[in-house]
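Here's the structure, in structure tokens; my notes come after.
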Amino acid sequence: MTERTATLTIEGKPPIELPIYEGTLGQDVIDIGTLGGHDVFTFDPGFSATASCRSDITYIDGEKGILLHRGYPIEVLAEKSDYLETCYLLFEGRLPTAAQKTDFENTIRYHTMVNRSMEHFISGFRYDAHPMAMLCGLVGAMSSFYHDALDITDQQHRTISAHRLIAKMPTMAAMCHKHFIGQPYVYPDNTLSYSANFLRMMFATPCEEYVAHPSITKAMDRIFLLHADHEQNASTSTVRLAGSSGANPFACVAAGIAALWGPAHGGANEAVLSMLNEIGDESNILEYIKKAKDKDDPFRLMGFGHRVYKSHDPRATVMRESCNEVLAVLGLENDPLFRLAKKLEQIALEDDYFIAKKLYPNVDFYSGIILKALGIPEEMFTVIFATGRTVGWISHWNEMISNPYRIGRPRQLYTGADTRDFPPIEERT
Ligand code: SDX
Numbered sequence: 008m009t010e011r012t013a014t015l016t017i018e019g020k021p022p023i024e025l026p027i028y029e030g031t032l033g034q035d036v037i038d039i040g041t042l043g044g045h046d047v048f049t050f051d052p053g054f055s056a057t058a059s060c061r062s063d064i065t066y067i068d069g070e071k072g073i074l075l076h077r078g079y080p081i082e083v084l085a086e087k088s089d090y091l092e093t094c095y096l097l098f099e100g101r102l103p104t105a106a107q108k109t110d111f112e113n114t115i116r117y118h119t120m121v122n123r124s125m126e127h128f129i130s131g132f133r134y135d136a137h138p139m140a141m142l143c144g145l146v147g148a149m150s151s152f153y154h155d156a157l158d159i160t161d162q163q164h165r166t167i168s169a170h171r172l173i174a175k176m177p178t179m180a181a182m183c184h185k186h187f188i189g190q191p192y193v194y195p196d197n198t199l200s201y202s203a204n205f206l207r208m209m210f211a212t213p214c215e216e217y218v219a220h221p222s223i224t225k226a227m228d229r230i231f232l233l234h235a236d237h238e239q240n241a242s243t244s245t246v247r248l249a250g251s252s253g254a255n256p257f258a259c260v261a262a263g264i265a266a267l268w269g270p271a272h273g274g275a276n277e278a279v280l281s282m283l284n285e286i287g288d289e290s291n292i293l294e295y296i297k298k299a300k301d302k303d304d305p306f307r308l309m310g311f312g313h314r315v316y317k318s319h320d321p322r323a324t325v326m327r328e329s330c331n332e333v334l335a336v337l338g339l340e341n342d343p344l345f346r347l348a349k350k351l352e353q354i355a356l357e358d359d360y361f362i363a364k365k366l367y368p369n370v371d372f373y374s375g376i377i378l379k380a381l382g383i384p385e386e387m388f389t390v391i392f393a394t395g396r397t398v399g400w401i402s403h404w405n406e407m408i409s410n411p412y413r414i415g416r417p418r419q420l421y422t423g424a425d426t427r428d429f430p431p432i433e434e435r436t
């Protein structure tokens with residue numbers, strides 16, 4: 008097939024032919040890699056129209072509200088799969104057979120413990136350190152514990168590091184929570200499923216056992232699944248950029264955790280609950296909608312809007328259904344926060360500003376309400392997001408390292424001072 012090209016015409020320069028590549032789905036891309044040779048760069052600070060890589064893992068159609076993981080719609084995975092099976096799908100590229108699924112579950116189960124020294128490490132944090140600060144430190148420190156498999160050119164090393172991260176994130180997440188509330192750590196129980204194990208490590212104490220209601224465990228598993236991966240979002244792009252320098256996978260995932268923490272990204276679920284608590288009552292909703300529309304007011308409706316989704320976030324739809332189910336099981340159908348969130352969503356979706364700017368609820372809008380209903384404290388919401396997203400981060404890292412890659416090194420539009428003389432200090436003003 009003849010190569011398609013785009014022609015870039017710049018005054019005073021001969022036309023520049025740039026190759027066009029087509030993917031399986033979605034937008035074509037124009038390869039601008041040779042533009043530097045023509046003494047010109049492209050400019051796209053928020054990467055709104057920039058493809059940073061080729062990837063087979065996740066596809067998003069923002070106009071149609073489609074999210075596919077290795078070709079499987081998120082709605083189908085949420086209904087028919089579970090988190091660990093989705094982890095296998097994302098990392099290996101295909102759904103496991105029954106034997107492969109059992110083997111993978113056992114592998115993850117027998118990596119859930121962390122080195123005992125991690126307890127000494129986390130004890131160095133202040134009693135009230137934010138759990139995301141602790142998680143970032145713990146994951147970065149993993150490279151000091153698990154350095155027996157850090158040859159990133161060896162697929163077996165990459166796979167064992169991925170398994171260790173997937174397996175140990177719930178254990179470390181629960182340790183952050185226990186440190187925050189001043190309770191002893193609860194060790195993993197290998198007789199339990201991934202999500203039941205996490206809930207037990209979060210809520211059991213040496214004095215009292217904790218057995219999660221099956222619906223609660225299912226909801227927790229679905230929350231991990233809905234957060235598993237999302238193409239080249241800010242934190243995943245951070246992991247890829249860190250990985251492009253050859254950094255070890257634990258350092259790369261720690262960088263991803265740091266990027267996720269921001270309220271514009273994974274910190275939004277915690278910010279949604281703060282916002283709902285601040286709004287307080289349905290009678291205040293219109294005032295806050297007005298603030299969200301006011302250009303001079305920094306307030307934004309947290310949990311609304313998305314760089315890619317301009318119709319609806321399919322995860323928010325599933326999350327909303329889960330929210331209804333969990334609240335019904337817990338007898339919280341009249342939960343004031345949930346009622347307030349549904350009223351806020353209804354008013355926002357009917358508001359011309361939000362319609363014009365295509366601002367719809369995203370994955371974070373309802374997740375905070377479910378997490379709160381499950382008894383997860385607000386400061387742990389983004390830790391839950393990071394725990395679920397770890398498989399996405401490490402799958403993208405593995406995909407990049409498994410193929411030819413170069414260090415990521417963007418350029419800039421320089422707007423600073425031209426060359427100038429160095430003034431002696433007595434002449435400076
Ligand atoms: C996640 O990328 C991913 O895939 C992320 C994620 C994943 O799974 O990894 O999906 C997870 O991060 C979801 C997003 C969670 N963040 C929030 O809910 C925070 C609130 N949302 C916004 O901050 C914002 O919508 C972003 C950050 C999500 C998207 O920002 P963009 O794409 O840069 O859009 P923008 O800031 O340029 O906004 C476009 C316009 C602006 O108005 P104008 O300057 O054009 O007049 O819409 C307005 C914005 O002011 N706007 C909002 C708004 N979000 C955008 N106005 C009020 N409330 C909002 N929430």
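Position 152 of the sequence shown, counted from 1, bears residue number 159 in the working numbering, the numbering being contiguous throughout.
Virtual Cβ for every residue (Gly too), placed ideally from N, Cα, C.
Quick caveat, the model's predicted, so the values are computed rather than measured.
Examine ligand 1 and report whether any of its heavy atoms sits within less than 7 Å of the Cβ of G310. The answer is yes for G310.
Going by beta carbon distance, what residues of the same chain come within less than 8 Å of M407, once the five residues before and after it are set aside? Here the set comprises C60, R247, G250 and S251.
Rounded straight-line distance, which links the Cα of M176 to that of M208: Each residue's alpha carbon lies about 12 Å from the other.
Apply the 10 Å Cβ neighbour rule to M141 and answer buried if 16 or more other Cβ atoms are within range, or exposed otherwise. Per the 10 Å Cβ criterion, buried.
Other residues of its chain near P321: CB distance less than 8 Å, five sequence neighbours each side excluded: Cβ within range, chain order: G72, I73, L74, P80, I81 and E82.
Are the beta-carbon atoms belonging to G147 and F257 less than 8 Å from one another? A Cβ-Cβ contact shorter than 8 Å links G147 with F257.
What are the boundary residues of the beta strand (DSSP E) that I159 is part of? Premise fails: I159 is in no beta strand (DSSP E) and is neither H nor E.
Closest Cα partner of I223 within the set A335, G287 and D158: Shortest Cα-Cα distance from I223 to any of A335, G287 and D158 involves A335.
Span of the beta strand (DSSP E), counted from its first residue to its last, around Y66: Segment T65 to D68, the beta strand (DSSP E) holding Y66.
Within 8 Å, do at least three Cβ pairs link the region 415 to 424 to the region 42 to 58? These segments touch.
In whole angstroms, what separates the C-alpha of C94 from that of R427? Approximately 55 Å, taken between the alpha carbons.
Considering only residues of the same chain and omitting the five flanking positions on each side of E385, which have a CB-CB separation below 6 Å? Answer for E385: E277 and L280, listed in chain order.
Near ligand 1: A271 beta-carbon under 7 Å from a heavy atom: Indeed, a heavy atom of ligand 1 lies less than 7 Å from the Cβ.
A299 Cβ short of 7 Å to ligand 1 heavy atom set: It does: the Cβ of A299 is within 7 Å (strictly closer) of some heavy atom of ligand 1.
Taking just the CA atoms, how far does T57 sit from E29? Each residue's CA atom was taken as its position, placing E29 and T57 some 14 Å apart.
Would DSSP call L74 helix, strand or coil? In the structure shown, L74 sits in a strand (DSSP, three-state: E or B).
Please check the pair L233 and V325, which I expect to be a contact at CB under 8 Å, by giving their CB distance rounded to whole angstroms. Indeed they touch by this definition, with Cβ atoms about 6 Å apart.
Just checking G263 against ligand 1 - is the residue's beta carbon closer than 7 Å to any of the ligand's heavy atoms? Checking the Cβ of G263 against ligand 1 gives no.
Indicate the three-state DSSP secondary structure (helix, strand or coil) for V47 in the structure shown. Coil, per DSSP.
Nearest to H137 by alpha carbon, out of N341, A355 and A265? Ranking the options by Cα distance to H137, first place goes to A265.
Report the three-state DSSP secondary structure of T394 (helix, strand or coil). Residue state, collapsed to three classes: helix.
Roughly how many whole angstroms lie between the Cα atoms of D87 and R77? The question names Asp, but residue 87 in the sequence shown is Lys. The straight-line gap from Cα to Cα measures roughly 15 Å.
Assign G338 to buried or exposed, taking buried as 16 or more other Cβ atoms, counted over all protein chains shown, within 10 Å of its Cβ. By the neighbour-count rule (16 or more Cβ atoms within 10 Å), G338 is not buried but exposed.
Can we count V390 as close to ligand 1, meaning its CB is less than 7 Å from some heavy atom? Using a cutoff of 7 Å, the CB of V390 does not count as near ligand 1, since none of the ligand's heavy atoms is closer than that.
Quick check: does the Cβ of R327 come within less than 7 Å of any heavy atom belonging to ligand 2? The model depicted lacks ligand 2 and carries ligand 1 instead.
Which residues does DSSP pair with A13 in a beta bridge? Paired residue(s): L25.
From the DSSP output, in three-state form, read off V218 for me. Correct three-state label for V218: coil.
Buried or exposed by the 16-neighbour rule on C-beta atoms within 10 Å, applied to Q34: Looking at its Cβ environment, which holds fewer than 16 other Cβ atoms inside 10 Å, Q34 is exposed.
Compute the Euclidean distance between the alpha carbons of G144 and I173, then round it to the nearest angstrom. Roughly 16 Å between the two C-alpha positions.
Using the C-alpha atoms, what's the distance from T389 back to I27? Distance between the alpha carbons of I27 and T389 is about 38 Å.
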